[in-house]
Amino acid sequence: MYARILEERKNSIRYAEKNSAPIHCEAASISGAVSQRACVYCGARVVLNPITDAFHIVHGPIGCASYTWDIRGSLSSGPELYRNSFSTDLQEKDVVFGGVRKLEAAIDEVMRTYAPRLIFVYATCIVGVIGDDVEAVCREAERKYGARVIAVKAPGFSGNKSTGYRMACDALMRLLPPRDDHIRKNGVNILGDYNLAGETWIIKTYMREIGVPVISTFTGDASYERLLAAPSAGLNVVQCAGSMLYLAQRMEQEFGIPWVKASFFGIEDTSTAIRQVADLIGSEETRRKARVFTERESERAARLTAPYHSRLRGKKAAIFVGGGFKAISLVRQFREMGMETVMVGTQTGKADEYEVLENLVSPDTVILDDANPSELEKFLREKGADILVGGVKERPLAYKLGIAFCDHNHERKHALAGYVGVENFTREVNLSINSPVWRYARG
Amino acid sequence: MSSGIVNLNTNPCKMCMPMGAVSAFYGIARCMSILHGSQGCSTYIRRHMATHYNEPVDIASSSLTEEGTVFGGEKNLVKGLDNLISLYHPEVIGVSTTCLAETIGEDVPAVIRRYRESRPECGVKIISVASAGYSGTQYEGWFRALHALLLQTDMDETRHDGLNIITGPVSPADTRALKNCLGSLGLSFILLPDISENLDGGHNPAYDRLPSGGTSLAQISRMAGARATLELSAFLPEAYSPGRWLEEKHGVPLLRLNMPIGLRDTDALLKALEDLGGVISGEVRRERARCLDAMIDAHKYNALGRGAVFGEPDFVYGIARLCCENGLVPVVAATGGNCPALKARLEEEIRPVADNVLAEKTTVLNFADFDDIDAAVTGNGVNILIGNSDGRRLARKHNIPLIRCAFPIHDHVGGQRVRILGYSGASGLLNTLANALISGRDAVFRADAFERYCKNIPTNAVKPACAQSGQANRRMAEKTARHPCFSSSARHSAARLHLPVAPACNISCNYCVRVFDCPNESRPGVTTKVLSPEEALTRFINIKASLPNLAVVGIAGPGDSLANFPETSETLRLVREADPDIVFCLSTNGLLLPIYAAQLMNLGVSHVTVTINAVDPRIGARIYKHVNYMGVKYEGEAAAAILMSNQLAGLKMLTEAGVVCKVNTVLIKGVNDAHVEDVARAARSLGASIANIMQMIPVKGSVFEDMPLISNKEHLTLRKRCEAVIPQMYHCRQCRADAVGLLDEDMSFRLREIASSRTQIVESPADRPMSAPVRVAVASRSGVVVDQHFGYAEQFYIYESDGLFTRLVETRRAPGDTVGCGRCGGGGKKQAYPGGEENSFGKIARALEIVADCRAVVAMRIGDSPSRQLKRKGIAVFSTYENIDKAVREAAAQCV
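Structure, rendered in structure tokens:
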């Protein structure tokens, strides 16, 4: 069966055009199109869940909790509380009579047993529909226990994953205390890194190398106490702009903390990011260290990855990931490896990111937003891609089509950030693309 | 963790109804599913299934929005059906509702009726299932979908010879095995559902995204005319029993059997099939015989098993019975949904088997989460887990094996090919269980036997039990041979570097004044400049460059290395990164040794010196003024006792882990000179390798300033005497906390100069200051590449560069501009395109102002008019799509 494209989807797919209005994006998914996107709740959960010492309570029926239990590779250097899945597990009778009682009882019990300082209550699809006033429950709990109990109203239907990011950022702003006199001008917060496979640690190490203290991390390996110190920072470094640029903007408004975007994917991007941080807030010594460090590490990473390049040169890559910023980094990384990108798409990329992508790739590269399996299949085949970079759902499709696959999702166990990430990425791409299995599968 | 919270489900042992419904629909030929609800439900379920089955899983969503939630989702669902048909050309569509659709009261059957009426030409069969996530688990969802399928299909009552076989959720591989078995009996049958191909497809030259295996609609229709129905599920909800419906509505007799797991239930199925005219083949009989043989082979190993089985009711029941048949006691059986019947039937099954082996406690849990299971696992002494991969956290926590044989398996491959049904499924699983128990026992039985039987009798061990392997011992010996303090031959060849990063001290010795370095390790009366860890690293790198024989890095004060643990550990970490081979050594008074011993070993410290002046608190009390321990200041004998016991405990921890330890003793005439032999003996018995007895040199201002100096002769005599107990270090030079070089030629003064001058003159091009930089403005949103139009730039990165190096000075935002991209979801299409020049006028003027003080502007694109205006002002214009750094350098190079 030849894959076709739905009429309504045609504006979201095309061959790259330079200097032209971007493709149709930032819109709701089309019913029945089999979108690869998740929901508002997912976005909120992704951003907040890495806070290691918080109780994350999902208020709703069991599914939402069940499918998100500890599925992401965010690591902790301390508490492991966040790796549990707590749910009010609403039943039919709760839907009829309301779930507030259950939630109150749960919070009471959690407070009595564990007295945590921070609880997030995620309200899922039906909670608003059945009339549970989660905000009121949380307010009352805060009053009663003096702890922070934050309602995150994230019904799946109220937007898409990006809406959820925004809700999570609002929740974080509610946590942060006002900025006081204790300001550490040369200290930074890292925003939008979730410590997948230890990536926050890698970035923190780089900051330490150049003598820049990291005050807080949002939210990779975060703890409540560390987050509270965030307003004292001198600069916010935003790694995943899709999820946290909004938080950076709010912190700029309320605390006057400037921000800078940074990508730690790829040698060039990583070096640029480190030097920009040093340039913006560092002393002369810090800048010197940044220059020396980035030069040394770039050379090292280039040396270590060079042997792979002859094996990868000329191969064709296809990309389908969550956000646009990551897609841009990936196109550039593939280019550093001598590979051409023949298809690139995202779940929730922004118009300006697509514009950048279209200018970055060659003209016959396919650009698509919120693609579905049929479209991915069509273009993977048509463009003769050798490898697909994507999430868990896309992996079996690539394999069925006889195409190599690289995991660039939140479940992976290999760090892809920083110089070491470049090594891992190159190795990861090589081990699938040059696997002997394709000799038999395509033969 | 076991939280014990009763009002929350902590770590669910169940999934939701739609999961079961779409899984069952995967067993129907040319069928697609759509979930009526939020986009997330379909995506999460797809992820959950794709990771288990390693197959593409395509499930559509009606993608309900706020509007659909308020005004009804019919429009969405209709569009969804149209699109799904257009993309996949299915013959059947299963519409499963979600929590949301049910709660807002969607009348899906009516929507479908209207859909059919409005599209009479559409031949697709559309089946609706009410599957609110809160009304049951995936187990109920599965049967509800099958029930709905029968009810909504036009049934054909024409009698035929075939049998209906209806299963609960089983793996594709088990489905296949069941089909083969039925086929071998010479029976004609209709299997509902049949996921064997759709969720376990092979790799074929062409990929078909529509699941084309499975039970066809025609077959389903003919189920009404079958001879009989066999329902292979003990606990399916009666109200949604497809077999019961066929019996009541179409008169097809129903026979309900357990899922064929284990010997008895497989026997029962075969017996029933034989009664219905099946002929049991020789191969099936041989399979049964082999299964029995496997059971006998495995019984003794499995009898040592105490299992916890968790999952769906039929699975738990079947596996528990299989375990019981082989003597493995399922001391915990748990289901996540609500199935009270399971408890009653399992308890009578398990009790006698438990009694046989005197297993006391058994528990059957209904409506359980993993928190409940965790508590029961602990309480009942479970040593093997059987279920899905969600049990892996328990397995890790309790250090027991988990046998993954149910959905979902997310951390292993091959979930789709797991086998548990029938004789061959049983024998395979019994082997797996026995082997896991055998491996577990094999891993510990030597140590276990030693611990139980050999602990209190003399052993043949050559030296005290030590965790080191032979190879590790060799490595340690090599390191020691390179250490100038521990090996007297290395003192002429191997250089060491002491990094003075530890200023504070937590004890007060009577021979010490704190203005000087610690006399335990250093030459008296010396003060060292303290370095930060980063400075220490720089010193290390510089010294290493000029001292090729540098073998050891040590931390010896000037205070106590462990009283400054953050600095000490950070320094070692940094140095280790720069040099993976250098030997680490450290000296300490030992007070904090028990706290940090493990971390020291992790940092790679291989040699430690502990200064122990007394092993008798009464003597110690005369040497130490006070000890600061855990925030409390101790004096007198209490102080000495705490210090002494920590020194000795810490020493033991280190030596047992293979760290080479030296014990220093400061010899104080009239105080501990008669006691040094006791110290030496204690050091030896705790595994120290070498001792160093040093003369106390009275320091002015210290309590002991007037103490007599011990003579060289007395010193030597004592050393000789102690040598009988423990090897002595004769070549100690009492070096400084910042000593550098060979023991006999401390180069600290000379090299310190080099080190400090070197930091200024490192020969790195990156280190050169910029000459005559120019200012460059870059239109960039990402800050990584030049990615904005000049006229539409929301911000400019202002750089300085001389063409070789760059420096980001600041970012300047275009005022009054919408900062759009953080407005996630709400942003929409705010960005019109250049060409609409008129409203960009103000923006361009602002942009021109912002860059007025620059020599060059770099943008992705720039219009003719602004370009001309810039050039008039003497600002060069570059249009590029490059890495920001590179673009700045190139622009600056042309301007310089």
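As they're listed, the protein sequences go chains X and G. Number 443 marks the last residue of the first sequence (this note's numbering); no jumps. Number 1339 marks the last residue of the second sequence (this note's numbering); no jumps. All residues carry an ideal CB built from backbone N, CA and C; glycine is no exception.
For a Cβ distance threshold of 7 angstroms, nothing in chain X lies close to Ala1335 of chain G: the least Cβ distance comes to about 15 angstroms. Around Leu660 of chain G, the same chain offers Ile471, Ala472, Glu534, Val535, Lys568, Thr596 as residues with beta carbons nearer than 8 angstroms, after the five sequence neighbours per side are excluded. Restricting attention to G:Asp1149, G:Leu942, G:Tyr1173, G:Asn1071, the CA atom closest to the CA of Thr1108 of chain G is found in G:Tyr1173.
Under the DSSP assignment, Cys138 of chain X falls in the alpha helix (DSSP H) whose first and last residues are 134 to 145. Around the beta carbon of Asn497 of chain G, 16 or more other beta carbons lie within 10 angstroms, which makes this residue buried.
Around the Cβ of Leu801 of chain G, a 10 Å sphere holds fewer than 16 other Cβ atoms; the residue is exposed. Distance check between Thr508 of chain G and each of X:Asp181, X:Ser158, X:Asp133, X:Ile319 places X:Ser158 closest, using alpha-carbon atoms only.
Distance from the CA of Pro363 of chain X to the CA of Thr88 of chain X, rounded to the nearest whole angstrom, comes to 51 angstroms.
In terms of CA proximity to Leu196 of chain X, X:Gly421 leads the group X:Ser435, X:Gly421, X:Trp438. Residue X:Arg250 holds the alpha-carbon nearest to the alpha-carbon of Met167 of chain X among X:Ala273, X:Arg250, X:Ser20. Among the residues facing chain G, Glu92 of chain X is included, as its CB has a counterpart in that chain under 8 angstroms away. When DSSP states are grouped into helix, strand and coil, Asn823 of chain G belongs to the helix group. Taking each of G:Ser504, G:Glu564, G:Ala994 in turn and checking the Cα distance to Thr540 of chain G, the smallest one comes out for G:Ser504. In the three-state scheme derived from DSSP, where H, G and I count as helix and E and B as strand, Ser1049 of chain G is classed as strand.
Only residues of its own chain outside the window of five on either side were considered, and among them Thr596, Asp597, Met598, Asp599 have a CB closer than 8 angstroms to the CB of Ser664 of chain G, listed in chain order. Ala351, Asp352, Glu353, Glu355, Val356, Asn359, Leu360, Asn372, Pro373, Ser374: these are the residues of the stretch 351 to 376 of chain X whose beta carbon lies less than 8 angstroms from some beta carbon of chain G, given in chain order. Distance between Glu285 of chain X and Gly211 of chain X, taken at the CA atoms: about 9 angstroms. Separation of the CB atoms of Leu808 of chain G and Ala819 of chain G is rounded to 6 angstroms, and the pair is thereby assigned contact status at 8 angstroms. The beta strand (DSSP E) runs of length 3 or more contained entirely in the stretch 647 to 697 of chain G are, from start to end of the chain, 671 to 675.
Between Ala417 of chain X and chain G, the shortest Cβ-Cβ separation is not below 8 angstroms. In the three-state reduction of the DSSP assignment, Trp259 of chain X falls in the strand class.
Looking only at G:Ile488, G:Ala1134, G:Thr618, the smallest Cα-Cα distance to Gly865 of chain G is reached by G:Thr618. In this structure, Gly390 of chain X sits away from Ala441 of chain X, with a CB-CB distance that is not shorter than 8 angstroms.
Approximately 6 angstroms separates the beta-carbon atoms of Thr658 of chain G and Leu634 of chain G; this is inside 8 angstroms, confirming the contact. By the beta-carbon neighbour count (other beta carbons within 10 angstroms, threshold 16), Lys315 of chain X is buried.
Looking from the CA of Asp885 of chain G, the closest CA among G:Ala1126, G:Tyr744, G:Val1227 belongs to G:Tyr744. Contact of Ser29 of chain X with chain G is assigned, a C-beta pair being separated by under 8 angstroms. Nearest C-alpha to Ile1136 of chain G among G:Lys1143, G:Pro615, G:Ser1145, G:Val1122: G:Val1122.
What Leu6 of chain X touches in chain G, judged by beta-carbon distance under 7 angstroms, is Asn526, Ser529, Leu530, going in chain order. Per DSSP, reduced to three states, the secondary structure at Cys406 of chain X is strand. Phe813 of chain G is positioned such that its CB atom lies no closer than 8 angstroms to that of Cys459 of chain G.
The residues Thr52, Asp221, in chain order, have a CB closer than 6 angstroms to that of Ser76 of chain X in the same chain once the five nearest residues on each side in sequence are set aside. Counting only runs of at least 3 residues, the stretch 366 to 404 of chain X fully encloses the following beta strand (DSSP E) elements, listed from N- to C-terminal order: 366 to 369, 387 to 390.
Within 8 angstroms of the CB of Leu330 of chain X, no CB atom of chain G is found; the nearest one sits about 12 angstroms away. Close partners of Pro615 of chain G in chain X (Cβ separation under 7 angstroms) are lacking, with about 14 angstroms as the shortest Cβ gap.
Taking the CA atoms as reference points, His853 of chain G sits about 29 angstroms from Leu592 of chain G.
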